[in-house]
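A.B. asks: Convert by adding 31 to the 1-based position in the sequence shown; the result is the number in my numbering. Supplied in structure tokens, the structure appears directly below.
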Amino acid sequence: MDEGYIKFHAEHIPAPPLPENLCRPVISVRQKLFEMGLIGAYPDGIGFGNVSRRLEGEQFLITASATGNLPRISPTHLSKVLEVVPERNYLKCTGPRIASSESMSHAAVYRQSPRTNGVIHVHHFEWWEKLLYKVPTTPPHIAYGTPEMARAIADLFDQTEVARIRLFALAGHREGIFAFGPTLEAAFRTLQAHYTAAGFGQ
């Protein structure tokens, strides 16, 4: 499994953490997801799951790479994504740590949905199996964190009702599920509603 490995060319500009007030919504939602087991780490130590919120334009704040295993995070575990160019497989970020390996997929959602201000990516095998092809789903040959995935997400917005459902599955990314919304808390509520409807977390 290549989970957690960054597949794009990342330009990381080291910088101090962002202010607490900007980070708090991400940290709060991420904590809930960690406690639900939807963000975490596999036995080999590779983390999974990430959370982001839009800042301005197409810039966003996201949990950094290799933080899924941490029971609690702080602003030092977040990264600000400044620019994403899928055509060049390029991402520029700043902060104490490099941005998550899924940052390009988060960027694709923000680009396709200007009203979206929060994006969540989680892992849950049984739920993922139930969701595949019952909600908008990216093709099985598309790998996570790639320009191809960014294009596949754009196709979902063009060809499906994903903008209304605000949830989609990744057929080529085992266990991978995305939710999004006008706020990060709204994205969490959407995810939670689908999770409960599938018979989990009750």
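Quick reminder that beta carbons are idealized off the backbone N, C-alpha and C, glycines included.
#1: If you draw a straight line from the alpha carbon of L201 to that of G99, how long is it in whole angstroms?
#2: Span of the beta strand (DSSP E) holding F231?
#3: Quickly, what does DSSP pair C124 with across the bridge? List them, please.
#4: Quick check on this structure: which residue in L113, R195, R205 has the alpha carbon closest to the alpha carbon of Y121?
#5: Assuming L198 and H225 are in contact, meaning their beta carbons sit under 8 angstroms apart, how far apart are those beta carbons, in whole angstroms?
#6: Whose C-beta lies closer than 8 angstroms to the C-beta of I129 among residues of the same chain, with five residues either side of it excluded?
#7: Would you tell me roughly how many angstroms separate the C-alpha atoms of I77 and A194, rounded to the nearest one?
#8: Any idea what DSSP makes of T168, helix, strand or coil?
#9: Just the Cα atoms here: how many angstroms apart are L101 and G80?
#10: Rounded to whole angstroms, what is the Cα-Cα separation between L86 and Y164?
#11: Rounded to whole angstroms, how far is the Cβ of F211 from the Cβ of V140, which I believe are closer than 8 angstroms?
#12: Assuming E206 and H155 are in contact, meaning their beta carbons sit under 8 angstroms apart, how far apart are those beta carbons, in whole angstroms?
#13: Among A185, P74, F231, which residue has its Cα nearest to the Cα of E160?
#14: So for D33, helix, strand or coil by DSSP?
#15: Helix, strand or coil, according to DSSP, for A130 in the structure here?
#16: When we look at the beta-carbon of T227 and count the other beta-carbons within 10 Å, is it buried (16 or more) or exposed?
#17: Hey, is F91's beta-carbon within less than 8 angstroms of any beta-carbon in chain C?
#18: Is H172 buried or exposed, if buried means 16 or more other CB atoms sit within 10 Å of its CB?
C.D. replies: Reading from the atomic positions:
#1: The residue you call residue 201 lines up with position 170 of the sequence shown. The residue you call residue 99 lines up with position 68 of the sequence shown. Going by the C-alpha atoms only, they are around 19 angstroms apart.
#2: For the purposes of this step, residue 231 is taken as residue 200 along the sequence shown, with counting starting at 1. Counting along the chain, F231 falls outside any beta strand (DSSP E), and DSSP gives it neither H nor E.
#3: For this step, residue 124 is matched to residue 93 along the sequence shown. C124 pairs with H43, V112.
#4: Along the sequence shown, read from residue 1 onward, the residue named residue 121 stands at position 90. Measuring from the Cα of Y121, the nearest candidate turns out to be L113.
#5: Within the sequence shown, numbered from 1, the residue matching residue 198 stands at position 167. Within the sequence shown, numbered from 1, the residue matching residue 225 stands at position 194. That pair is a contact at about 5 angstroms.
#6: For the purposes of this step, residue 129 is taken as residue 98 along the sequence shown, with counting starting at 1. Cβ within range, chain order: I37, A41, H43, A95, S96, S110.
#7: Sequence index remark: in the sequence shown, residue 77 carries index 46 (1-based). Sequence index remark: in the sequence shown, residue 194 carries index 163 (1-based). Roughly 31 angstroms separates the two Cα atoms.
#8: Looking up residue 168 in the sequence shown gives position 137. Here T168 sits in strand by DSSP.
#9: Residue numbering aside, residue 101 sits at position 70 when the sequence shown is read from its first letter. Residue numbering aside, residue 80 sits at position 49 when the sequence shown is read from its first letter. Distance between the alpha carbons of L101 and G80: 11 angstroms.
#10: For this step, residue 86 is matched to residue 55 along the sequence shown. For this step, residue 164 is matched to residue 133 along the sequence shown. Near 32 angstroms, if we compare the C-alpha coordinates of Y164 and L86.
#11: Translated into positions along the sequence shown, residue 211 becomes position 180. Translated into positions along the sequence shown, residue 140 becomes position 109. Right, their Cβ atoms sit about 5 angstroms apart.
#12: By one-based count along the sequence shown, residue 206 stands at place 175. By one-based count along the sequence shown, residue 155 stands at place 124. Between H155 and E206 the Cβ distance is about 6 angstroms, and since that is below 8 angstroms, they are a contact.
#13: Looking up residue 160 in the sequence shown gives position 129. If we check each option's Cα against that of E160, F231 comes out closest.
#14: Within the sequence shown, the letter at position 2 stands for residue 33. Because D33 carries a pLDDT of 41, less than 50, the predicted location of this residue cannot be relied on, and the following value inherits that uncertainty. Residue state, collapsed to three classes: coil.
#15: Sequence index remark: in the sequence shown, residue 130 carries index 99 (1-based). Three-state DSSP puts A130 in a strand.
#16: Translated into the one-based positions of the sequence shown, residue 227 becomes position 196. T227 is exposed by the Cβ-count criterion.
#17: Any reference to chain C falls outside this structure, which holds one protein chain only.
#18: Start at 1 with the first residue of the sequence shown, and residue 172 comes out as number 141. With fewer than 16 Cβ atoms within 10 Å of its Cβ, H172 is classed as exposed.
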